[in-house]
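Numbering (the numbering used here), first residue to last: 259 to 1083.
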Ligand code: ADP
Ligand code: ZN
Ligand code: ZN
């Protein structure tokens, strides 16, 4: 028989640009398929988990290494996924390896636990130069013996250490302990069955006879026959359930095993099937909700994406549910994307009431085991059939089989976009591509759609369906301003509260209703400052001031984690008049008790108070049960919460949302204020909102007060057109990074100049952003703005070409990194 010589092109989980080709040992010819994981040698001593992209017979011009072994019998990544990975890598300008790292649960990437050692045979010589990080790693290894990749990542404070580790291997400095172990261990449960020796019903009689004197054993056997519905359609019987039913110990069942009457087997179980509540009927849609549902379905006849613009409290969730049911009935899966799972326990609970364990939840906070379990369930329909997968952005990477519908709730949220590391993808936009592969539909939902999304809808690229009224006919909240400047003049500001807001709060509390106070994350951070000269303690590694945390009594840097005990003397003038400035949620809490009395129950909700696993859920349920009067929080309180006793929302300072340098600042400010206002007065009666600001006449504040999304959209779109921003132009942001400031300055100038040759004035910068230095690395930005109708491929190819050239121009630039962010948010 003729044997074919096969090759595979593989994706390795590294930030390397290409596919790597390996030869297939003949005995593995029948097993290599796209999407299967294999172990391959990489570099001199390293083994990696790789994914087969293609199998072919084209003999490469260079000698190839052999595949080490195959990990999967059947593909764990589908063809559709591989194509999506290609799209992400091309569109977001990253490598397939980076997509693979983001897409696969870490348990699938076996090399991540691999241990690194110093190479005993390494001879230090002049030809081998180590850069800073390489040197640090080799030093650490000489002290600690072995390190795994995550420890290395910690030491050099980087997420991706593969490239450095690979360089060190290539230079012969380190070796890899060749220990590859499967990390994922499925959880199993014991089941009971009749022994193989009993094949016919007639045999049972004899069996029962033989058990005449063993009453308990008889009872177990009888119970088993009942539970397995032996005479009907057979069911699996769990050992624990069986023992519980007859109240027997496992030693009794063991004698039945010994007598070869019953036998035991194991099955994998899902960790996530634990819904204990009752399943409820779906709610009857209101007229406007049914109209919306019909319009969505109609629009799906001609368009694959539809925007549902429904005001807060219009009942979008109920519409989603009815729509989802139609797809589930057809046997198709629904993907429900949420901006941040941690913040949306409420919606999970709502949907669980309708779907119970038919919903699988998937996001990066889950343990690798749980993630692998959902992955396998979606891939094989074996462990458990999920009708709905609810997830944060990484859920777009699941191996769907029959995907019918994707719902992107709160589609305007920035957390759909991954910032670091690459792939810097937007899950909302990626889901449109994912749906295309399945000919599935996408419903984008929001009370405050992103400008680009609304533009796409108005242009006719997406369908557009509106719900303008709240459920139950309740009016939109009444929004009023408190003019901080005026109040100050009239001596009506008490610390951070205007008397207007204070009086309103007192009245609400008197009526036994609840309050939400919103303080924007930006600009609230408490700092220490010298009263005499204005000196503020700064981070030593980043160009930011340190933030004070009352509970730890430490100043710390939010970018690198550097901490410092608050100094007793000014670092500039030596004065000892140092005090805290700025107001965080802690300070608000303090002031509230002063003004409203200590009996008022106040709870903060911010990053500090929601660190532990269930903290967020606990705060929400305490608030729901009215154990809290006032909830004070940052961005977290604006998202998707639905309380029925909140009649007042206070925005403590709208100004720091409006005035910061970003072309999306106004859009974001409108969205934030509208969303937080929407928490007021749902269910029974109209709510109130008080916005404290120095600029009550600002057009954005006016639009918020008038609840005029369309007006905001028109004006903002006009500005975007004037100043050449999305949706009319597309943006790619390039960040040139290096530890030496002169190198960054020089390289970014050379780079920008090279880009301008072809792109002309579409190239802006280079310039330093708000924080020039982070973790001792300087960051200079170059922004490319190009016309929507221009060829994105040409622009992107040009950028990649110029980045490659930059490295050739001067050896100084070899260690310069260029971070690419397509469609930054
Ligand atoms: P949105 O997400 O659009 O802000 P929700 O879906 O949270 O609105 O709905 C607001 C409230 O109104 C929820 O408490 C929901 O249970 C209730 N609601 C919406 N539609 C209906 C309906 N058709 N029947 C009963 N309750 C409804
Ligand atoms: Zn000073
Ligand atoms: Zn820092």
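Note that the Cβ used here is the ideal one computed from N, Cα and C, for glycine as well.
Report task. Run through the region 440-485 for me and flag every whole alpha helix (DSSP H) of 4 or more residues, listed as ranges in chain order. Result -> 459-468 and 473-485
Requested in this report: Run the proximity test for residue 1036: is its beta-carbon closer than 6 angstroms to any non-hydrogen atom belonging to ligand 3?
Outcome: no
Report task. Determine the extent of the alpha helix (DSSP H) in which residue 1000 is found, giving its start and end residues. Result -> Looking at the DSSP string, the run of the alpha helix (DSSP H) that includes residue 1000 is 999-1017.
Query raised in the report: Buried or exposed: residue 826, going by 16 or more other Cβ atoms within 10 Å of its Cβ?
Result: Looking at its Cβ environment, which holds fewer than 16 other Cβ atoms inside 10 Å, residue 826 is exposed.
Requested in this report: Could you pull out every unbroken beta strand (DSSP E) segment of at least 3 residues lying fully inside the region 694-731, listed in chain order?
Outcome: 699-704 and 721-725, all fully within the region 694-731.
Query raised in the report: Excluding five sequence neighbours on each side, which residues of the same chain lie with their C-beta closer than 7 angstroms to the C-beta of residue 482?
Result: 450, 495, 500 and 520
Report task. Verify whether the separation of the beta carbon atoms of residue 683 and residue 328 is less than 7 angstroms. Result -> No, these two residues do not count as a Cβ contact at 7 angstroms.
Query raised in the report: In terms of alpha-carbon separation, which member of 396, 1020 and 1078 lies closest to residue 1042?
Result: 1020
Query raised in the report: In three-state terms, what does DSSP make of residue 338?
Result: helix
Query raised in the report: Mind listing, in chain order, the residues whose beta carbon lies closer than 6 angstroms to a non-hydrogen atom of ligand 2?
Result: Taken from the N-terminal end onward, the list reads 788, 790, 791, 793, 828, 830, 831 and 833.
Query raised in the report: Taking the C-alpha atoms as reference points, what is the distance between residue 731 and residue 932?
Result: 18 angstroms
Query raised in the report: Excluding the five sequence neighbours on either side, which residues of its own chain have a C-beta within less than 8 angstroms of the C-beta of residue 465, listed in chain order?
Result: 456, 479 and 519
Query raised in the report: Which partner residues does residue 772 have in the DSSP bridge list?
Result: 904
Query raised in the report: How many angstroms separate the CA atom of residue 902 from the CA atom of residue 613?
Result: Their backbone Cα atoms lie some 23 angstroms apart in a straight line.
Requested in this report: Identify, in the order they occur along the chain, each residue of the same chain with its Cβ nearer than 6 angstroms to the Cβ of residue 557, setting aside the five sequence neighbours on each side.
Outcome: 564 and 721
Query raised in the report: If we ignore side chains and look at the alpha-carbon of each, how far apart do residue 439 and residue 307 end up?
Result: Bear in mind that a pLDDT of 35 at residue 439, under 50, signals an unreliable position, so the model cannot answer this.
Query raised in the report: By Cβ distance, which residues of its chain are closer than 6 angstroms to residue 356, with the 5 residues on each side in sequence left out?
Result: 273, 680 and 681
Query raised in the report: Quick one: what's residue 957 bridged to in DSSP?
Result: Looking at the DSSP assignment, residue 957 forms no beta bridge with any residue, so it has no partner.
Report task. Compute every distance between the C-beta of residue 722 and the non-hydrogen atoms of ligand 1, then say whether any falls below 6 angstroms. Result -> Distance from the C-beta of residue 722 to the nearest heavy atom of ligand 1 is not below 6 angstroms.
Report task. Pull up the distance between the alpha-carbon of residue 989 and that of residue 1045, whole angstroms please. Result -> Distance between the alpha carbons of residue 989 and residue 1045: 9 angstroms.
Query - Distance, residue 995 Cα to residue 400 Cα - result: 29 angstroms
Requested in this report: Rank 666, 458, 452 and 511 by C-alpha distance to the C-alpha of residue 473 and give the top, closest one.
Outcome: 511
Query raised in the report: Which class does residue 755 belong to by DSSP, given the choice of helix, strand or coil?
Result: strand
Query raised in the report: Between 503, 923 and 839, which lies nearest to residue 794 when the distance is taken from Cα to Cα?
Result: 839
Query raised in the report: Which of the three DSSP states, helix, strand or coil, is assigned to residue 817?
Result: coil
Requested in this report: Would you mind sorting residue 883 into buried or exposed? The rule is 16 or more other CB atoms within 10 Å of its CB.
Outcome: The residue is exposed, with fewer than 16 neighbouring Cβ atoms inside 10 Å.
**Report entry** With 16 other Cβ atoms within 10 Å as the buried cut-off, status of residue 643
**Finding:** exposed
Query - Rounded C-alpha distance that separates residue 311 from residue 685 - result: A direct Cα-Cα distance of roughly 23 angstroms separates residue 311 from residue 685.
Query raised in the report: Which full runs of the alpha helix (DSSP H) of 4+ residues lie inside the region 530-588, going along the chain?
Result: 545-560 and 574-587
Query raised in the report: Of all the alpha helix (DSSP H) runs that stay within the bounds of the region 844-914, which reach a length of 4 or more residues?
Result: 873-882
Requested in this report: Only counting runs of 4 or more residues, tell me where the alpha helix (DSSP H) segments fall wholly within the region 921-950, in order along the chain.
Outcome: 923-935
Report task. Determine the contact status of residue 906 and residue 876, defining contact as a CB-CB distance below 7 angstroms. Result -> no
Requested in this report: Out of 817, 738 and 677, state which residue places its alpha-carbon closest to the alpha-carbon of residue 993.
Outcome: 677
Query raised in the report: Since residue 729 contacts residue 665 with CB under 8 angstroms, what's their CB separation in whole angstroms?
Result: No, residue 729 and residue 665 are not in contact; Cβ-Cβ is about 18 angstroms, not under 8 angstroms.
Query - Element boundaries [alpha helix (DSSP H), containing residue 607] - result: 603-613
Query raised in the report: residue 263: buried (16+ other C-beta within 10 angstroms of its C-beta) or exposed?
Result: exposed
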